[in-house]
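Visitor:
2 protein chains.
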Amino acid sequence: MMGQMMQMPLMISSLITHAARHHGTTEIVSRRVEGDLHRTTYADAERRARRVAKALDRLGLATGARVATLAWNGYRHFELYFGVSGSARVVHTINPRLAPDQVAWIANHAEDSVLCFDMSFLPIIKAVWRQCTTVKHWIALCDADALPKDSGIDGLQSYEAWVDAESDGYDWPAFDENSAAVLCYTSGTTGNPKGALYSHRSTLLHAYAGALPDALDLSARDCVLPVVPMFHVNAWGIPYGAAMTGAKLVFPGPALDGKSVYELLESERVTMAAGVPTVWLMLLNHVKQHGLAFTHMRRTVIGGSACPPAMIKSFRDDYGVTVLHAWGMTEMSPLGTVCKLKLAQSELDADAQLAVMAKQGRAVYGVDMRIVDPDGRELPWDGQASGDLHVRGPWVIQSYFKGEGGDPLVGGWFPTGDVAVIDADGFLQITDRSKDVIKSGGEWISSIDIENVAIAHPGVAMAACIALPHPKWDERPLLVVVKKPGAELTSAELLRFYEGRVAKWQVPDDVVFVDAIPLGATGKMQKNKLREQFKAHKLPNA
Amino acid sequence: MMGQMMQMPLMISSLITHAARHHGTTEIVSRRVEGDLHRTTYADAERRARRVAKALDRLGLATGARVATLAWNGYRHFELYFGVSGSARVVHTINPRLAPDQVAWIANHAEDSVLCFDMSFLPIIKAVWRQCTTVKHWIALCDADALPKDSGIDGLQSYEAWVDAESDGYDWPAFDENSAAVLCYTSGTTGNPKGALYSHRSTLLHAYAGALPDALDLSARDCVLPVVPMFHVNAWGIPYGAAMTGAKLVFPGPALDGKSVYELLESERVTMAAGVPTVWLMLLNHVKQHGLAFTHMRRTVIGGSACPPAMIKSFRDDYGVTVLHAWGMTEMSPLGTVCKLKLAQSELDADAQLAVMAKQGRAVYGVDMRIVDPDGRELPWDGQASGDLHVRGPWVIQSYFKGEGGDPLVGGWFPTGDVAVIDADGFLQITDRSKDVIKSGGEWISSIDIENVAIAHPGVAMAACIALPHPKWDERPLLVVVKKPGAELTSAELLRFYEGRVAKWQVPDDVVFVDAIPLGATGKMQKNKLREQFKAHKLPNA
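Order-wise, the sequence lines are chains G and E. If you're matching positions, the first sequence starts at 1 in the numbering used here and goes up one per residue. If you're matching positions, the second sequence starts at 543 in the numbering used here and goes up one per residue.
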């Protein structure tokens, strides 16, 4: 027997129409590529998203056609999110930090029909546009009079002229909620990038779960600044969640340095910001250096890579900001866990709370997770057993775009490639990427644990721990370190710093100091490059 | 083109398995009919819900079969919610405050196969069980040794014995998320009660929306006490939302007086409670009388009928408790709006905030609403225009159970029967909750039901029942009667005539005899004129 409730598909367009209707005057503030601050509202963004939809109709774009973006966080990018998906096309966000050839490879693989780009990425587009054989329409996200006359790009249009040519009259269509809505490629650390193809349904359910009090806790009293880019797994779903809840949005554009972000946080009275540890390090350094404080920010979501406990502590103890440590991945839309204390943990003392907050947190409702041993047997949630992390849920991928890589699932579960421990309260702790773990004498050393100790040293700016082959122990850890400007620090001093902080056999065998650690397009340290760079490094005692 | 995400149906069972896995030790505390306080956990509730599912399998109950409950808020009722729906049957919650004949009528209409009841309702069951021709299994929610030996009810079993006979081994099935899960009857303001048949999908989406920060704001740091009964639109969805978020649950059982509720709020450190204004009046009176305070309660959701602004103010100013005024209806699962201030309103002064908080609030995301004039034209949201309130969304009914009443929709919208104003910020205010219904202590009394009884009296020619304001119950019914020519009839005689025909609390407080009742052009009684005429009438006990 079926229920007798209205059959209304979960549509991404309903988020922006809800925001326009219930939060029409709520602001969307954007730092533009031009450097100025632009202000609009949900009502106007919805109106312009309708024009985007009509403009795509005028181009004759089929249902399911891919419209690519190469853009910073900003109001035009936001309008494209809704105009493209809402009119039954697919937003394909491309990471502009990729090499130009990779951008072209991805655009071709996705068979993008339209590509919209911020003017700061004009050089990339100039370099690759002839290679992008499926793209028929190039849209520069700028005013008509800012359009370069001599770009050489066939049929280049300005976004403003393109949108201005349309009227507002448009009815958002309703269609199958399982239709494709968003295409995001993984960073492709092994082999070519693979696409994750989200649906309206998966995006809506993810938005509901992500806005819950124990996740990002979004409401109409919030002002949210996503530093995490909209070209990277939809800025963790914040544009959708903000529209769902009517939170004010502040987009930082390309200015992600500590000073620029801090100024926006203060001037726009931001209550919540989200980003990766690297960006927050710049922010904290700026704030410390100038003796500043956060007057409105109450919490910050940190994900993308493990957040050093020292950063969580500094935010809390020095600035009264709660860090919500989060974990997810492109294949998960991306939200998996958020570290929000339960009643029991919120009654612990400050140090004990910090130990919990350094974990990646609890699964948001909708995500099911398990850890398994190498034979696929489920391991207990006891805070001790460490195993391969598997996930499943309505916003986890079933397969990659075009079936690349075959069936990724194991018995209905998606294997994340992470190694994790889960405690009895359901708090997940990622101990490592399975490929980054250092296997020493049959024991596993978490590269992340070793890096966290280094980061806690006052002279260390950045640290990566990698495995080097070892004749006796199979592998032993090497620590690669970038010192803070002006810091005096020797290998021996840093290794002494590990005493009492990790087991003796986990202490790195050696330290090398470098000027920079290579970062990937999503800001993650590229340990494969480091492993290549230091493969001939001779460890002492090896 | 379809997205490539996992196809996982939204299942009610996944709420309780999530709670058991992530919040296994979180408590569910119940004041029982026996008077004692019972403590269990989500892990144990899930285990016992599996036994309920197995016990229903053993009875040979088909998919979609209705399992009725006549029960207070408590852990056994909670287990039935999940065991019944989770095993693809339908929970049918019956309001025990109905007259026994009405209980039997509804059980027959629903074609209930099983009926589970609290021992306090044994007299009702004794009175009606022979009339309930479809019910094959009677389950008393008690221990085996508390089962009355001489009930006379064929095959009466104790819930504990019934559940204890099963083992824990059970795998929750996955099936179509649009399958029926819950059946709730409206109070039947015009004619017989009609059933609203919720699905797993509608219940899950409602739970997500209801737990959002701008709705009930549920988290694993909360302890929630629903005074609103589980037999009345699923206690506003709190059992589902609490399982979704891992909030501790405290069930008050039958003890809803101020002292009992207050003691539970304090001893269990309740952070949020939900109920109708009448119950809160008793609570506030108790707290005031004894000079008490709320040490943990931070907010309370009040719905069911309009909450007096003085109550909102007293909770806030005297006790530091935020009232969340809410509005919904059985046909809406029931949540429509919750009054949570936006950023702009939270910066108003205390009086201006109170004026906003007295409204019914903003639509939770998923509910779409509009007000229309008598010609069906949409009216502006300007805080002035007043019109018929229409709603739509995935947890709004499409039609009533068995198609009763035909197609209730108007152009895809459900007409609520309420008249409302909506302001520019989207805050809804019900101006005339529904034309004629009498809202007494959070329960609705059908004026037509009351009139029908009167009409059945040999001395009555015509009768109209209207609401008069009442200090304790909000509204109480006044019966306006035209006697048949020559009939001798007193108020007391007529009121005695109601005994056994309607529930005691539905009996009018007073009767006035008139020469004529004003009729409109189509022959309908003009109750608005009567309300005007008798607005100064003094009810006894008022």
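Even for Gly, the Cβ is constructed at its ideal location relative to N, Cα and C. Bear in mind the structure is a predicted one, so any value in this text is a computation, not a measurement.
G/C223 CB to nearest chain E CB: under 9 Å?
Guide: Output row for G/C223: interface = yes.
Visitor: Identify the contact partners of E/A722 in chain G, using a Cβ-Cβ distance below 7 Å as the criterion.
Guide: Going along chain G in sequence order, the residues near E/A722 (Cβ under 7 Å) are M1, M2, G3.
Visitor: Rounded to a whole number of angstroms, what is the C-alpha to C-alpha distance between G/W505 and G/W473?
Guide: When rounded, the distance between both Cα atoms is 11 Å.
Visitor: If you reduce the DSSP assignment to three classes, tell me which class E/Y727 lands in.
Guide: The answer is strand: DSSP assigns E/Y727 an E or B state.
Visitor: Going by beta-carbon coordinates alone, are E/F857 and E/T837 separated by less than 9 Å?
Guide: No, the Cβ-Cβ distance between E/F857 and E/T837 is not below 9 Å.
Visitor: Could you check whether the Cβ of G/A326 sits closer than 9 Å to any Cβ belonging to chain E?
Guide: Chain E, which has no Cβ nearer than 9 Å to the Cβ of G/A326, makes this no.
Visitor: So E/F620 is in the alpha helix (DSSP H); what residue range does that whole segment cover?
Guide: First-last of the alpha helix (DSSP H) with E/F620: 617-628.
Visitor: Nearest-angstrom Cα distance between E/T731 and G/V391?
Guide: For E/T731, the predicted structure reports a pLDDT of 47, less than 50, and the residue's modelled location is therefore unreliable. A value from the coordinates is still provided. Whole-angstrom Cα-Cα distance: 48 Å.
Visitor: Who are the neighbours of E/N753 on chain G, taking C-beta pairs under 8 Å?
Guide: According to the sequence provided, residue 753 of chain E is Ala. The question's Asn does not apply to it. Within chain G, the residues near E/A753 are L212, P213.
Visitor: Would E/Q940 pass as an interface residue toward chain G - the criterion being a Cβ-Cβ separation below 9 Å?
Guide: Chain G, which has a Cβ nearer than 9 Å to the Cβ of E/Q940, makes this yes.
Visitor: Please list the partners that G/R362 has in chain E, where partner means a Cβ-to-Cβ separation under 7 Å.
Guide: What G/R362 touches in chain E: H564.
Visitor: Quick one: which chain E residues come within Cβ less than 8 Å of G/H109?
Guide: Per Cβ cutoff of 8 Å: no residues; G/H109 is ~14 Å from chain E at best.
Visitor: Can you confirm whether E/P936, when its beta carbon is compared against all beta carbons of chain G, has any partner nearer than 9 Å?
Guide: Taking Cβ atoms only, chain G reaches closer than 9 Å to E/P936, which makes this a yes.
Visitor: So which of G/G405, G/Y75, G/L183, G/A104 has the shortest CA-CA distance to G/V67?
Guide: When only C-alpha atoms are compared, the closest one is G/L183.
Visitor: Would you give the residue range spanned by the alpha helix (DSSP H) that G/L265 belongs to?
Guide: It spans 258-267 - the alpha helix (DSSP H) in which G/L265 sits, taken as one unbroken run.
Visitor: Go to G/I94, then tell me how far its beta strand (DSSP E) extends in each direction, as first and last residue.
Guide: Segment: none, G/I94 is in no beta strand (DSSP E) and carries neither H nor E.
Visitor: At what residues does the beta strand (DSSP E) containing G/V543 begin and finish?
Guide: Outside the modelled stretch of chain G, which goes from 1 to 542, sits residue 543 of chain G, for which no answer is possible.
Visitor: Would G/D154 pass as a contact of G/W129 if the rule is Cβ separation under 9 Å?
Guide: Yes.
Visitor: Name the chain G residues that come within less than 7 Å of E/L739, Cβ to Cβ?
Guide: Chain G residues near E/L739: G3, Q4.
Visitor: Which class does E/K1077 belong to by DSSP, given the choice of helix, strand or coil?
Guide: It is coil, neither helix nor strand.
Visitor: Taking the alpha carbon of E/G577 as the point to measure from, which residue in E/A738, E/W614, E/V963 has its own alpha carbon closest?
Guide: Checking every option, the nearest Cα to that of E/G577 belongs to E/W614.
Visitor: In angstroms with no decimal places, state the Cα-to-Cα distance between G/F513 and G/M11.
Guide: C-alpha separation (whole angstroms): 51 Å.
Visitor: Which class does E/T1085 belong to by DSSP, given the choice of helix, strand or coil?
Guide: Given a span of 543 to 1084 for chain E in the structure shown, any question on residue 1085 of chain E remains unanswerable.
Visitor: What beta strand (DSSP E) runs, 3 residues minimum, are completely inside the region 671-735 of chain E?
Guide: For the region 671-735 of chain E, whole beta strand (DSSP E) runs of length 3 or above, ordered along the chain, are 679-682, 722-727.
Visitor: Keeping to the same chain, check which residues put their C-beta closer than 6 Å to that of E/A1063; ignore five residues upstream and five downstream.
Guide: Bear in mind that a pLDDT of 45 at E/A1063, under 50, signals an unreliable position, so the number given afterwards is only what the model happens to contain. Nothing meets the Cβ criterion.
Visitor: For G/P544 and G/D388, what's the separation of their Cα atoms in angstroms?
Guide: Residue 544 of chain G cannot be examined here, being either before or after the span of chain G that is shown, 1 to 542.
Visitor: Under 8 Å Cβ to Cβ from E/F1076, same chain only, skipping five residues before and after it: list those, please.
Guide: For E/F1076, where only same-chain residues beyond five positions count, the Cβ hits under 8 Å are I1008, L1010, L1020, V1022, V1054.
Visitor: With a threshold of 8 Å, establish whether the CB of G/E27 neighbours any heavy atom of the ligand SAM.
Guide: This structure lacks the ligand SAM, and indeed carries no ligand of any kind.
Visitor: Starting from the C-beta of G/D407, find all residues in its chain whose C-beta is less than 7 Å away, skip the five residues before and the five after it, and write them out in chain order.
Guide: These residues qualify, in order along the chain: S399.
Visitor: Which residues mark the beginning and the end of the beta strand (DSSP E) in which E/E569 is found?
Guide: Element bounds for E/E569: 569-573.
Visitor: Give a yes or no on whether 9 Å exceeds the smallest Cβ distance from E/P922 to chain G.
Guide: No, E/P922 does not count as interfacial toward chain G.
Visitor: Would you kindly work out how many angstroms separate the C-alpha atoms of G/K435 and G/G417, rounded to a whole number?
Guide: If you take the alpha carbons of G/K435 and G/G417, they lie about 8 Å apart.
Visitor: For E/A1084, name the three-state secondary structure that DSSP assigns.
Guide: Coil at E/A1084, not helix or strand.
Visitor: Name the chain G residues that come within less than 9 Å of E/A1045, Cβ to Cβ?
Guide: Result: empty, since nearest Cβ-Cβ is about 27 Å, beyond 9 Å.
Visitor: Please list the partners that G/T245 has in chain E, where partner means a Cβ-to-Cβ separation under 8 Å.
Guide: The contacting residues are L754, P755, D756, Y907.
Visitor: Which two residues bound the contiguous alpha helix (DSSP H) that contains G/M244?
Guide: Note, G/M244: alpha helix (DSSP H), 238-245.
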